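Participant:
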Amino acid sequence: TQSTRPQRLLGAVQKNATRGDPRSVVQAIDQFCRQKEWAMNVGDEKGCILDSVVSEVNPATVLELGTYCGYSTVRIASLLPPHAKLITLEFNPDFAAIARQVIAWAGVEDKVHLVEGASGDWIPKMTEQFGVKTFDLVFLDHWKDRYLPDTMLMEECGLLRKGSILLADNVICPGTPDYLEYVRSSLRYESQYFKSHLEYTKVEDGLEKSVFLG
Ligand SMILES: CCCNc1ncnc2c1ncn2[C@@H]1O[C@H](/C=C/CNC(=O)c2cc(-c3ccc(F)cc3)cc(O)c2O)[C@H](C)[C@H]1O
Ligand SMILES: [Mg+2]
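What follows is the structure in structure tokens.
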């Protein structure tokens, strides 16, 4: 039977990346996506912006919405201090299965908790299930029409504290207009746009970094 693109991406990681070396996993996926098959990972160019935000925040608790194949999961985890925790939500079991293997190959599984389920169901359970009071950093990269409702849900559940950082992918392409309008007009956020390009292309895209002011 035909393999799926995520399965072929995993194969490229297992073939070209060094076990236990997260940056080689990131590099192998970027090479696969540039040379073989495009895939919707945040990619190398926006990935550098992601790296700089993660390094600046130096978060103890990170939430990622939309794991997909685990590219940004591995990229973020490789920069986390010891004992820091990254919880990543993925509701498609096939993608979750691939991501678990990518995360394991990179050797970052002790920093990552991949939860198979929908953000709407799990955001309200973060504290009781994982003992997380607030998130220092949230990376939004799931369905674009879910960024805003899930941000409001995180606010309602008290998961954001003064200084929590939201970093959103694809605010231009495919675009998240209602989310962008919200974080840029709300008095409870200080927002900044990082212009870049859609992964592996010359099309404009960017990341929006928004600080929750409490
Ligand atoms: C219950 C639902 C909400 N709760 C959820 N809870 C848990 N997991 C969720 C939830 N909603 C979705 N997911 C998972 O997250 C992933 C979804 C990721 C979505 N990403 C894009 O659509 C995109 C498109 C392009 C693009 C640009 C240009 C093009 F021409 C083509 C494509 C580029 C990009 O960088 C992109 O990130 C994964 C596939 C999906 O199972
Ligand atoms: Mg994306």
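Note that the sequence shown ends on residue 214 in our numbering; no numbers are left out.
Even glycine gets a Cβ: it sits at the ideal position worked out from N, Cα and C.
The structure displayed is predicted, hence computed values, not measured ones.
Buried or exposed for M152, please, with buried defined as at least 16 other CB atoms from any protein chain shown within 10 angstroms of its CB.
Facilitator: The residue in question, M152, is exposed, as its Cβ has fewer than 16 Cβ neighbours within 10 Å.
Participant: For E155, which three-state DSSP category applies?
Facilitator: Reduced to three states, the DSSP call for E155 is helix.
Participant: Excluding the 5 residues preceding and the 5 following G66 in the sequence, name in chain order all residues of the same chain whose CB lies nearer than 6 angstroms to its CB.
Facilitator: So the qualifying residues of the chain are D141 and H142.
Participant: Using 8 angstroms as the Cβ pair cut-off and three pairs as the minimum, do the region 13-33 and the region 80-93 touch?
Facilitator: Short answer: they don't touch.
Participant: Closer than 5 angstroms is what we want: which residues have a beta carbon that near any heavy atom of ligand 2? List them in chain order.
Facilitator: Qualifying residues come out as D141, D169 and N170.
Participant: To test your reading of the DSSP string, which unbroken alpha helix (DSSP H) runs of 4 or more residues are found completely within the region 156-202?
Facilitator: Listed in chain order, the complete alpha helix (DSSP H) runs (minimum 4 residues) inside the region 156-202 are 177-185.
Participant: Using 7 angstroms as the threshold, is the C-beta distance between G206 and I172 below it?
Facilitator: Contact: yes.
Participant: L213: which of G163, S72 and Y179 sits nearest, CA to CA?
Facilitator: Closest option to L213, Cα to Cα, is G163.
Participant: Give the single residue among A17, C69 and Q101 whose Cα lies nearest to the Cα of N92.
Facilitator: Nearest C-alpha to N92: C69.
Participant: Looking at the secondary structure, which residues open and close the beta strand (DSSP E) in which D44 lies?
Facilitator: D44 -> not in any beta strand (DSSP E); alpha helix (DSSP H) instead, spanning G43 to V57.
Participant: Would you kindly report the start and end of the unbroken beta strand (DSSP E) that includes I123?
Facilitator: Careful: I123 lies outside any beta strand (DSSP E) and carries neither H nor E.
Participant: By alpha-carbon positions, which one of Q7, V62, W105 and F95 ends up nearest to E116?
Facilitator: The candidate whose alpha carbon is nearest that of E116 is F95.
Participant: Enumerate in chain order the residues of its own chain whose CB-to-CB distance from D51 is below 8 angstroms, with the five nearest sequence positions on each side excluded.
Facilitator: Result list for D51: R75 and L79, in chain order.
Participant: When the Cα atoms are used, what is the spatial distance from A77 to A168?
Facilitator: The straight-line gap from Cα to Cα measures roughly 17 angstroms.
Participant: Along the alpha helix (DSSP H) that carries L9, what are the first and last residues, could you check?
Facilitator: Where L9 is concerned, the enclosing alpha helix (DSSP H) stretches over R5 to N16.
Participant: Where does D205 sit, in a helix, a strand or coil, going by DSSP?
Facilitator: Three-state result, D205: strand.
Participant: Identify the residues that DSSP records as bridge partners of L86: which are they?
Facilitator: The partner list for L86 (beta bridge, DSSP) reads V62 and V112.
Participant: Pull the bridge partners of S210 from the DSSP assignment, please.
Facilitator: In the DSSP output, where bridge partners are listed per residue, S210 has L166 and S191.
Participant: Under the assumption that E208 contacts H197 (Cβ atoms under 8 angstroms), give the Cβ distance between them as a whole number of angstroms.
Facilitator: Not really, about 15 angstroms apart at Cβ, beyond 8 angstroms.
Participant: Taking V25 as part of the alpha helix (DSSP H), name the residues at either end of that continuous run.
Facilitator: From DSSP, the alpha helix (DSSP H) with V25 extends over P22 to Q35.
Participant: Quick check: what's the CA-CA separation for A39 versus V138?
Facilitator: So the alpha carbons of these two residues sit roughly 22 angstroms apart.
Participant: Quick one: is the Cβ of R23 within less than 6 angstroms of any heavy atom of ligand 1?
Facilitator: For ligand 1, not one heavy atom lies less than 6 angstroms from the Cβ of R23.
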